[in-house]
Every structure is written in C-alpha cells, then in structure tokens.
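Here is the structure we will look at, set down as structure tokens.
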Amino acid sequence: MDIKKLEQSISNFIQEEFLYDKPEIRITNDLNIIEQGILDSMDIFRLIQFIEQGADVSFEPEEMVQTNFQSINDIISFVKQKKK
Amino acid sequence: MLLHNILLHSVDKNREQLAASCLDSTITYGELDDLTSRLCNCFINNGIKLGDRVCIYLDKSINSLISIFAILKAGAVYVPLDASAPVNRITTIINDSNPVAILSTSSKVITIVDKLPKNCMLVIFDEVSSLKYQNGVIFQWKDILEYGRSYDIPKVIETDPAYILYTSGSTGVPKGVVVSHRASYVFVEWAYNEFKLLPGEIVSNHAPLHFDLSIFDIFTTIMSGGTIVLIPPEVSLFPYNLASLIVKSKINVWYSVPSILVKMVLYGKLEQLDFSNLRLVLFAGEVFPTKYLKKLTKIIPHALFYNLYGPTETNVCTYYKVDKDNIRDRLPIGKSCPYNRLVLLNNNRIINIENDQTNFKTDVIEGELCVQGPNVMSMYWGNENNNKLEKGLYYTGDWVKRGVDGDLIYLSRLDGMIKSRGYRIEMGEIESVLHDHPDIIRSAVVPIPDVENTNLIHAFVVSNNSSPRNGEKLDEKAVKKFCSKFLPRYMVPTFITFLSELPETHNGKVDKVRLKELASNR
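Structure, rendered in structure tokens:
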C-alpha cells in the first residue's frame, strides 16, 4: 500500500467534505480534527468508511476510538499497525 | 417554583457533594453556589435587570453550568447558543434576543465581537489577551472573583421567563421558545418524583444545552443532590468511547436522543461492558427503531427504559414505560404527564383524551395532539400573538392515535418539520436559505428515512447554470458551502441533486412524493 498516497487522499477527503466551510483551518497531518469540532457524528462515520475503502482495512468497533482518529498522523500509524 | 431556588435548597444538604463533572474538571454544590452568586452580583452591579437576556456562547463545560445558574439568580433569562453553529446564525439569534451580556471565551467571541448590540457586557472565562472590545464593559473571570457572594435578591416571580431555546423556524429564521420558571419547574419536579432520583446519583448530560433535554439533566439532578456528567460533543463522536464513559463515570441515569443509543448498540461493543450502575435509560426527541431498542434492553436487562415525548414548546408532555417483554413495532409515546391536559383535534372535533367516554377497544381515535397546561411555553420571542397558542393550547403539529390500551402512538407530522439525529429541522428553513442563493431558481428539500440518523436531508435544486453570476457553474460542494454559512451542520443537506425542473402536482405545488421517490432511488 502506498502510504503517501493514502495520506494525501485522506487529507483531500477531509478538506473537501468537512472543511469546505472553514477556510480559516489549514489541514496538516498533525491537526487535531476531533478537538477542532470539524466533524459531527455523521461525518466521523463517513471518514471511517472512506479510510476502510481506501486502505482496504476493516475497523472493529473497539478500534473506532478517539485516540486512533485524532489526526491524519494517528490514522496513518493505526492503519500501518493494522496492516502488519 | 423558581429554577435557581433548586440550587439554593440543594446546596445546604449537599455542600461537599459533586454537582457536576466535565472531562477532568469538577465542581461541588458549595462552589457552584458560591461562584454563581459572585457572577450574579457582578451582573446586578452592572445594571442587569429582571427579564434581560444573557447569551451563553461556550463549548459545553462547567462554566456553562455556572453561567446558567448565575443568570437565573440575577432574574435574567439565559439564551444558550449552539457553539458549533455558523457565525451568521449566531448573530441572527443575538440580534433577535438582544442580550445585555454575553458569556464566552476570547477565542469564541472574537468571531462575533463586532456584531454585538450596543453596550453589551462581555464576560470572558479565559484570558482576554488580544481581544479588543470597545462596545461595552468586559470582565475576565478573575474580575468576577473580586465580587462578594451576597447580592440584592431580585423579585423574580414564577411566570417570569427563565430561558429562551432557539429552534428551527419554517420561515427561514430560528424562533425562540420562551419558557417560564413555572413551566420548566412543573416538569423538573414531576421527573424528580417519577424517576425517583436519589442524592449522589450520577446523571448524564448528553444533549447540548440549547436542547430542552438538558433541562432534566441539569435541574432534576441538582434537585436530587446528584452529579451531572457533562459530555462534550467530541466524546459522542465515538460510540465506543461514549459507552466506556458511561461505565467509567458510573452513570446511573442516562437521557439522550435515540440515535446516539442506536450508534452505541451498533458500534459500542456494549455486551462486553459492565452496565450494573445504569438503572434508568430515558430517551426523547425522535422515534427509537424498535430493532435496536430490543437489543439494548437485552444488553442492559436490569434498567428501566422510558420513551418521553414533547416539543420544546411544552417540554415532556407524555411518557411511556417500555414493556421490555413486549416491544411493539411502533413504540407508543404513552400517556399524559399529570400536569398537562391533552386533546386530539380532528376535523374540528375536539377529543378530550382523559374524559372521553368512547370505547377505545373498538374505536380508533386519531388527531393532532394539542397540549394545555402550566408546562406550555409563554410565547415565541418577539411574537406575543402567535396562532400556535390559542387559549394556552399548543398545537404540536404531530398526528397521533390512541391505541386500544389508551397509549398514544405518534403517526406523522402535519407540516414540513423533520427530525435528524434528534434535531428538529424545518424543511422550509433550508429551502429559504437555498432560495437566497443568486444562482438557484427553485429548490425543494425532502427527508430520506435512515435507521441510524432518523432522516437524511436531500435537496433538489434548479440552478441558473446557463448563465451563473460569478461565471462558475454551481455544483454540490458550492451549494453545501453556501448552506453552511447560514445553517448548522446538521441542517446542511447530505445529498444535492440538480434538476432542470421540479416535478409538480396537478395543482402546481412541488410534488414532494415524486421527489422522495427520486431521492430513494439514488
């Protein structure tokens, strides 16, 4: 799996889907997307679904927790760990 | 029967007890009473009078709770703002409620600081730092602590307004539901007795504070000497985190909209957790899909489950204790709360539910549910003569039937209001925003039923794409972006379809049935 490509696609997805109305926020890999109030309860499931499809992984309910999804970096390191 | 007196009575018995917690912060009853008195004293000293509105523009926190009780103690009216709403909507509500003060933090208030009414006082809970404000007086939290605890108690009477909750309005502008101390108190006292809350019990606050579910969480818990666990919205994003919080915080009483309970059933791994402390689960705001309610009652078999029903205008007006062994496909909203009288209105026939002699074993009775009683709101803010309140009767717009056992069952809405994730949304308000877009010629919005979210919103748009104003073709993203300038995220349509014309019925109205078909074929 091309991690760089995945990183970029997640970043684009967040930018396009959730930040379209918040031009003041610049997406970086360590931006805390949970604390910023960027996502609501429906958005988070769309993001999870997107990552599952893009990385060809399937998250267990107990893995869908804040610590794994706080930033793009957290997401990527969690996906890497799952892929091992 | 004044809401803030609930705290004054409770503090004597529970001074050292925790009144609330929020993540890692806590506050005791003694501290809550002390700090709210100081803030109240500051309000009164700076000219805040009976009936003045004070807006709370804060992320959910202990400070929000302090704000609520301090405002009430001063005889003023609290107006909780949705901290995640777009600035345009916040300023609309501020302009409408015309507050004399706003409680906030410097990072939040900076976005609206130049749009505040003249002489509006600001109370900032964190450091003012670079915030410039020349419109009125500004206080930091450390200034508030300089004020003494004793103040001249204002002469509040029970029919005075206590809070204004803004909900979606069909004409495109949010409307403020004005609730008096008495209206709120009758519900709080009933809930305290009915659900037998005990001192020291731990009660969740999942709903945002501009949502009327929070009234139970705050005031009923304080009445009982319990502890409120304030749950910030980011914790609710992850059902597994939220379920773990219920266990870790030893929550005894839970109250929320059904959709978050459904998400916990689906993704919370509930069967692996120990819910032995949870004795009561209350839900309200939308229909609970029975498939998931059945699962939930099996996972937490020892708890009692109640379906509470009522619009913001009446707070809870009916309640139903779930019969766990016999969960029907349509969960009833139950029977009338003792403080109000319900009638069904059908073709000008008024059916008095309590006294009706009709044999309900054989006669199906249905009609629009109307509510009369001390719990009904005073008015919509700025609109004393509204037609929804005739002789104190509130027309809910909900079509209900009375079942064979006398329980009421919700059937449908009479107008364009829907629920999504527990939020009340007027289709008309979304359409009105769409119509304001210069490149949108016509639009219509329909709900699409969805198990996890109750409804998703689908907008159909006829655009002026042949000659757009700014030369750019209107696309889905642009429409969403436009909506999100004026509407909170939960009201922004999830799906947008461009049509060359809207389908119409034979009398020229937009054919919403046809649109729903198109939406479901997506």
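Quick note, the sequences are listed as chains A and B, same order. Quick note: the working numbering has the first sequence finishing at residue 84, numbered continuously throughout. Quick note: the working numbering has the second sequence finishing at residue 522, numbered continuously throughout. Every residue gets a Cβ at the ideal spot worked out from N, C-alpha and C, and that includes glycine. Just so we're clear, the structure is a prediction, and the values are computed from it rather than from any experiment.
Residue i (DSSP reduced to helix, strand or coil)
i	result
Ile-44(B)	helix
Ile-260(B)	helix
Thr-36(B)	helix
Tyr-20(A)	coil
Lys-155(B)	coil
His-302(B)	coil
Ile-231(B)	coil
Ile-93(A)	Since the first residue shown for chain A is 1 and the last is 84, residue 93(A) is missing from the structure and cannot be characterised.
Ser-61(B)	coil
Ser-236(B)	helix
Ser-71(A)	coil
Gly-172(B)	coil
Arg-413(B)	strand
Leu-122(B)	strand
Ala-85(B)	coil
Trp-190(B)	helix
Leu-515(B)	helix
Gly-397(B)	strand
Glu-431(B)	helix
Thr-28(B)	strand
Cys-526(B)	Any answer about residue 526(B) is impossible in this case: the structure gives chain B only from 1 up to 522.
Phe-59(A)	coil
Cβ separation of residue i and residue j, assumed to be a contact under 8 Å, to the nearest whole Å
i	j	result
Arg-89(B)	Phe-486(B)	6 Å
Ile-524(B)	Leu-116(B)	Not covered by the structure: residue 524(B). The range shown for chain B is 1 to 522.
Gly-416(B)	Ser-170(B)	6 Å
Tyr-267(B)	Tyr-240(B)	6 Å
Val-186(B)	Asn-205(B)	Rounded, the Cβ-Cβ distance is 21 Å, inconsistent with contact.
Asn-544(B)	Asn-340(B)	The shown model of chain B, from 1 to 522, leaves out residue 544(B), and the question about it has no answer.
Pro-174(B)	Thr-92(B)	7 Å
Thr-297(B)	Val-322(B)	7 Å
Arg-279(B)	Leu-304(B)	7 Å
Val-203(B)	Val-253(B)	4 Å
Lys-82(A)	Val-65(A)	That belief does not hold up - the Cβ atoms of Lys-82(A) and Val-65(A) are roughly 13 Å apart, past 8 Å.
Ala-284(B)	Leu-213(B)	6 Å
Trp-190(B)	Pro-338(B)	7 Å
Ala-444(B)	Leu-502(B)	6 Å
Interface partners of residue i on chain A, CB under 8 Å
i	result
Tyr-267(B)	Pro-61 and Met-64
Ser-61(B)	In chain order: nothing, as chain A lies at least about 13 Å away.
Chain-ordered chain A contacts of residue i [CB-CB under 7 Å]
i	result
Tyr-490(B)	Asp-40
Lys-480(B)	Tyr-20
Asn-241(B)	Val-65 and Gln-66
Chain-order list of residues whose beta-carbon lies under 8 Å from that of residue i (same chain, five-residue window excluded)
i	result
Lys-335(B)	Thr-318, Tyr-319, Tyr-320, Gly-406, Asp-407 and Leu-408
Asn-98(B)	Arg-53 and Pro-117
Leu-58(B)	Ser-64, Ser-67, Ala-83, Leu-103, Ser-104, Thr-105, Lys-108 and Phe-125
Leu-344(B)	Ile-350, Ile-351, Ile-353, Ile-365, Glu-366, Gly-367, Glu-368, Leu-369, Cys-370, Val-400 and Arg-402
Val-433(B)	Gly-172, Phe-482, Cys-483, Phe-486 and Leu-487
Arg-328(B)	Thr-290
Gly-200(B)	Gln-17, Gly-225, Gly-226 and Thr-227
Leu-3(B)	Leu-72, Ala-162, His-181, Ser-184, Tyr-185, Val-188 and Phe-219
Leu-39(A)	Phe-18, Ile-33 and Leu-47
Cys-120(B)	Pro-99, Val-100, Ala-101, Ile-102, Asn-135 and Gly-136
Gly-30(B)	Val-11, Arg-15 and Glu-16
Cβ shell of residue i (< 6 Å), same chain only, five flanking positions each side left out
i	result
Ala-70(B)	Thr-36, Leu-39 and Cys-40
Tyr-423(B)	Tyr-490
Ser-9(A)	Gly-54
Ala-519(B)	Val-446, Ile-448 and His-458
Interface residues of chain B facing residue i [CB-CB closer than 7 Å]
i	result
Glu-52(A)	Per Cβ cutoff of 7 Å: no residues; Glu-52(A) is ~13 Å from chain B at best.
Residue i: contacting residues in chain B (beta-carbon distance under 8 Å)
i	result
Ile-44(A)	Leu-237 and Phe-238
Ile-34(A)	Glu-234 and Leu-237
Glu-16(A)	Lys-477
Neighbouring residues, chain A, relative to residue i (Cβ below 9 Å)
i	result
Arg-421(B)	Asp-40, Ser-41 and Met-42
Asn-453(B)	Ser-41 and Met-42
Asn-88(B)	Those within 9 Å of Asn-88(B) in chain A number zero; the least Cβ separation is about 11 Å.
Lys-485(B)	Asp-21
Ser-84(B)	Gly-37 and Asp-40
Own chain, CB closer than 7 Å to residue i, minus 5 neighbours either side, in chain order
i	result
Tyr-151(B)	Ser-37, Cys-40, Asn-41 and Ile-44
Touch check for the region 206-226 of chain B and the region 57-66 of chain B: three-plus C-beta pairs under 8 Å? yes
Tell me, please, whether the region 69-88 of chain B touches the region 234-243 of chain B by the rule of three or more beta-carbon pairs shorter than 8 Å. no
How do the region 423-437 of chain B and the region 179-187 of chain B stand: do at least 3 beta-carbon pairs fall below 8 Å, yes or no? no
Is it true that the region 456-463 of chain B meets the region 437-444 of chain B, where meeting means three or more beta-carbon pairs spaced less than 8 Å apart? yes
Answer yes if the region 17-33 of chain A comes into contact with the region 216-231 of chain B, meaning at least three C-beta pairs across the two stretches below 8 Å, and no otherwise. no
Assess contact between the region 65-76 of chain A and the region 34-47 of chain A, defined as three or more Cβ pairs (one per stretch) separated by less than 8 Å. Is contact present? yes
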